[in-house]
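Numbering-wise (my numbering), the sequence shown opens with residue 581 and increments by one.
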Amino acid sequence: MNEVWKSVRGLVDHLYSQPGIELKPAFIALDILCLACYHGRSYHARERILTYKGNYACEQHPYFRFARCVARCESPLEFFNHIYPDPPDPDFTFLLDSLIDPMRNKAVQHLRKAYYSVSKAWAARWLGVSAVDEKETSKRIMDFVNRYSGEGGCTEDENGMFRFSRIKTKTPASTSSPAP
Numbered sequence: 581m582n583e584v585w586k587s588v589r590g591l592v593d594h595l596y597s598q599p600g601i602e603l604k605p606a607f608i609a610l611d612i613l614c615l616a617c618y619h620g621r622s623y624h625a626r627e628r629i630l631t632y633k634g635n636y637a638c639e640q641h642p643y644f645r646f647a648r649c650v651a652r653c654e655s656p657l658e659f660f661n662h663i664y665p666d667p668p669d670p671d672f673t674f675l676l677d678s679l680i681d682p683m684r685n686k687a688v689q690h691l692r693k694a695y696y697s698v699s700k701a702w703a704a705r706w707l708g709v710s711a712v713d714e715k716e717t718s719k720r721i722m723d724f725v726n727r728y729s730g731e732g733g734c735t736e737d738e739n740g741m742f743r744f745s746r747i748k749t750k751t752p753a754s755t756s757s758p759a760p
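Here's what the structure looks like:
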């Protein structure tokens with residue numbers, strides 16, 4: 581998979597920097613997705629966005645607008661459905677498929693850090709879960725949270741609220757030195 585991402589990076593870095601080459605905003609957006617989700621480098625994704633700021637063709641393209649949202653937002657899954665149904669080619673779909681797990685992992689980690697509990701509707705939207713009935717939705721949410729955070733990462737109460745086990749944060753060690 582890394583070889584495919586290197587190809588996308590080469591396309592965006594080297595080919596699109598040549599004068600007279602037509603930019604393909606879908607692949608620039610894919611590079612931004614790769615930086616933000618697959619490699620976890622949101623700073624580099626924002627730099628890539630600034631590189632193409634002012635390029636009307638890029639800024640108005642729906643994929644590029646989606647990628648901007650991804651770089652600024654912790655959970656890109658709610659935007660994912662906007663570009664997935666209409667890919668420019670089959671390879672693009674393959675690359676998007678490879679990003680689903682890293683995006684869900686990022687979303688689960690963010691939910692566990694930021695919230696003690698969330699509603700079923702919010703968790704389903706945040707994790708990109710769509711199901712026909714309530715039980716199936718609950719089961720899929722629990723499966724995702726437990727897959728990405730281990731068993732016991734989440735419980736559902738009788739009101740349909742999901743409660744997350746807290747992620748323990750490391751406390752900095754005391755830096756005070758003993759008195760002389």
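By construction, the Cβ of each residue, glycine as well, lies at the ideal position given by its N, Cα and C atoms.
Do VAL530 and ARG727 have their C-beta atoms within less than 8 Å of each other? In this structure the chain extends from 581 to 760, so residue 530 is not present and cannot be described.
Taking DSSP as the reference, what is the three-state secondary structure of GLU765? There is no way to answer for residue 765, as the model of the chain reaches only from 581 to 760.
So the candidates are SER745, GLY590, ALA647; which of them puts its Cα closest to the Cα of TYR695? To locate residue 695, count along the sequence shown from 1; it is residue 115. Looking from the CA of TYR695, the closest CA among SER745, GLY590, ALA647 belongs to SER745.
Return the first residue and the last residue of the beta strand (DSSP E) that SER699 is part of. Position 119 of the sequence shown, counting from 1, holds the residue named residue 699. Residues 697–699.
What does the alpha-carbon distance come out to for the pair TYR632 and GLU639? Stepping through the sequence shown from its first residue, residue 632 is reached at position 52. Stepping through the sequence shown from its first residue, residue 639 is reached at position 59. Taking the straight line from one Cα to the other gives about 8 Å.
Do GLU738 and SER718 have their C-beta atoms closer together than 8 Å? As a first step, residue 738 must be located in the sequence shown, where it is residue number 158. As a first step, residue 718 must be located in the sequence shown, where it is residue number 138. Not a contact, by the Cβ cut-off of 8 Å.
How many Å lie between PHE742 and VAL725 at the Cα? Here residue 742 is taken as the residue at index 162 of the sequence shown, counted from 1. Here residue 725 is taken as the residue at index 145 of the sequence shown, counted from 1. Distance between the alpha carbons of PHE742 and VAL725: 10 Å.
How would you label ALA701, buried or exposed, when you count the other beta carbons within 10 angstroms and need 16 or more for buried? In the sequence shown, residue 701 corresponds to position 121, counting from 1. Result: exposed.
Expected contact under 8 Å - CB spacing of LEU613 and ALA647 to nearest Å: Translated into the one-based positions of the sequence shown, residue 613 becomes position 33. Translated into the one-based positions of the sequence shown, residue 647 becomes position 67. That belief holds up - the Cβ atoms of LEU613 and ALA647 are roughly 6 Å apart, short of 8 Å.
Does the distance from the CB of ARG692 to the CB of SER729 come in under 8 Å? In the sequence shown, counting from the first residue as 1, residue 692 sits at position 112. In the sequence shown, counting from the first residue as 1, residue 729 sits at position 149. Closer than 8 Å, so yes.
Measure the C-alpha to C-alpha separation of SER697 and GLY600 and round it to an integer number of angstroms. Walking along the sequence shown from the start, residue 697 turns up at place 117. Walking along the sequence shown from the start, residue 600 turns up at place 20. Computed Cα separation, rounded: 52 Å.
Return the CA-CA distance between LEU630 and PHE644, expressed in angstroms with no decimal places. Residue mapping note: residue 630 aligns to position 50 of the sequence shown, counting from 1. Residue mapping note: residue 644 aligns to position 64 of the sequence shown, counting from 1. C-alpha separation (whole angstroms): 12 Å.
Out of HIS641, LYS604, ASP593, which has the shortest C-alpha to C-alpha gap to ARG628? Taking the first residue of the sequence shown as 1, we reach residue 628 at position 48. When the alpha-carbon of ARG628 is set against those of HIS641, LYS604, ASP593, the nearest one is in ASP593.
Apart from the five residues just before and just after LYS715, which ones in its own chain have a Cβ nearer than 8 Å to its Cβ? What you label residue 715 is simply residue 135 of the sequence shown in a count that begins at 1. For LYS715, where only same-chain residues beyond five positions count, there are no Cβ hits under 8 Å.
Do you know whose CA, among SER699, LEU707, ALA609, lies nearest HIS786's CA? Outside the displayed range of the chain (581 to 760) lies residue 786, so it cannot be described from this structure.
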